[in-house]
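Taking it in order: structure first as structure tokens, then the write-up.
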Amino acid sequence: MSDEEATVVAADGSGAFMMMDEILERLKMLDYEMQFQSFKPLTHTYFAMASPNPNEQFFYFMSLCSWVMGLLGSVWQAPSQMDDPNSSASSLYAKLQEVGAPTNFGGWQKLKLGYGEPCCTILKWLLEQIPIEFKPALHSEEAEYDEAAVDDEAVGDTAEMPDELADAENEEEEYYHGAAGGGRQTKLTDSILEAHVEPEAWRIELERVTPQLKMQVLSDPKEWRNRLVNTKSHQQTLDALAPETTASLDRLANELERTLSAVKKAEQKMNAQCADVVAEHADKQDELAARMEEYQKNSDTINALTNELHSVSEDLSRVKEKMDSRGASMTDTAPLVKIKGALSKLRAETKQLEIRIGVLTHTLVAKKVQQATKPAKGGKGVPSEDDANLDEDDMGMDDL
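Taking the numbering used here, I'd label the letters of the sequence shown as residues 2 to 401.
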């Protein structure tokens, strides 16, 4: 299958289900059940739709691809269930590109799912590369007729099979016994007709062996005859149900059409009745939009004025703090108290100085008087050093 064909098949949503039937038939021809005994047998939709166990489905797909590529002579080791699905899908994608398989389905991420049209396309392409030889069938002389089981609707066809088999046995008996002479055939017939068997014993023996003479029909749902019979029966069922179903669908379609027309008329009537209200509502909407725009502008103005008020309030608080500090300093009497204390201290020190001055003055006066009286008694003489010092002290006191 070419890349264009693969793309066409993948474009249809049912392509995976159609390809899965062919994949399953080809795998059966290759006896895949013997190689994958640890896996459960595949169904007609296994790789066409998601499985309840995605890990097992992905590992099954990888194992099948590895086995089929091994049959083609291309070795690729299948990953284990513990490997990373991303790396496994990427490795398979690279190998498929190497062998020339169609890979125009969107990248290795599609193979990571383990189902869908890309996976079915890959399996189908790999299986188509394997040539399958059909050998002629070998029939034994005592071959048994294995007929497929049919459903209840095909009982009529099955009921005619014993008659056909009986006719075939009669023809064979006539062929083998008719080849001999006419006298031999007459003698055989006479011997059968002249059998000495009691009718009652014959009937009892017939009742005993009749259940054992029934032909057993083997039931194999995978056999193509059974599928054909089921398909015909389903076709008949569909043909029988189709007129009634079509009539019901036509009635539903007519009722839906009438309902839709009634809904459209009611909608038109409602629109006509509510035209004024709709126009008024539109006007109100426009007015509301204008009011909202005005409100937005006023909100911006209010925000600006609020910010300005906040700054003015901060300036006012700073001015108040300065005024409070200045008022507190003006009403504070601590400096005056200090000045008064200093003045009192100066007055006290001044009094002490005055007292000392008075004492010193008195002492000097006494000294002067004493010295003044000495020359009168002792005559004139040279003044002593003490007298000179006393004169200097007197001069100093006079200056004061």
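Think of the CB as a built atom: it goes at the ideal place given N, C-alpha and C, for glycine as much as any other residue.
The stretch 14-22 and the stretch 114-131 touch, with three or more beta-carbon pairs separated by less than 8 Å. Within the stretch 259-293, no run of beta strand (DSSP E) at least 3 residues long lies entirely inside it. Fewer than three Cβ pairs drawn from the stretch 107-114 and the stretch 67-83 lie within less than 8 Å of each other, which leaves the two stretches out of contact. One thing to note: V69 has its Cβ within 7 Å of the Cβ of L127. In this model, E26 and S67 are separated by some 18 Å (Cα to Cα). Per the C-alpha coordinates, the member of P55, P53, M21 positioned closest to L43 is M21.
Per DSSP, the continuous alpha helix (DSSP H) segment holding P119 begins and ends at 118-129. Per DSSP, the continuous alpha helix (DSSP H) segment holding I24 begins and ends at 16-30.
The Cβ atoms of G115 and Q58 sit closer than 7 Å to each other. For the pair I24 and K125, the CB atoms are nearer than the 7 Å cut-off. For M50, the three-state secondary structure derived from DSSP is coil. Rounded to whole angstroms, the gap between the alpha carbons of I356 and A349 is 11 Å.
S64 is positioned such that its CB atom lies closer than 7 Å to that of A79.
Look at T302 here: in three-state DSSP terms it is helix.
Between L72 and I131 a beta carbon distance of about 6 Å is seen, short of the 8 Å cut, so the two are scored as contacting.
Here DSSP, grouped into helix, strand and coil, assigns D251 to helix. If you look at V69, you'll find it in the alpha helix (DSSP H) that goes 55-72.
Contact between T104 and L93 does not hold, since their C-beta atoms are separated by about 10 Å, which reaches or exceeds 8 Å. A straight-line Cα-Cα distance of about 26 Å links T362 and L344.
Between the beta-carbon of F62 and that of F48 there is about 6 Å, and that keeps the pair under the 8 Å contact cut. Taking every protein chain shown into account, the CB of L28 has 16 or more other CB atoms within 10 angstroms, so this residue is buried. Note on geometry: alpha-carbon atoms of K352 and G342 lie some 16 Å from one another. A direct Cα-to-Cα measurement between S326 and G359 gives close to 50 Å.
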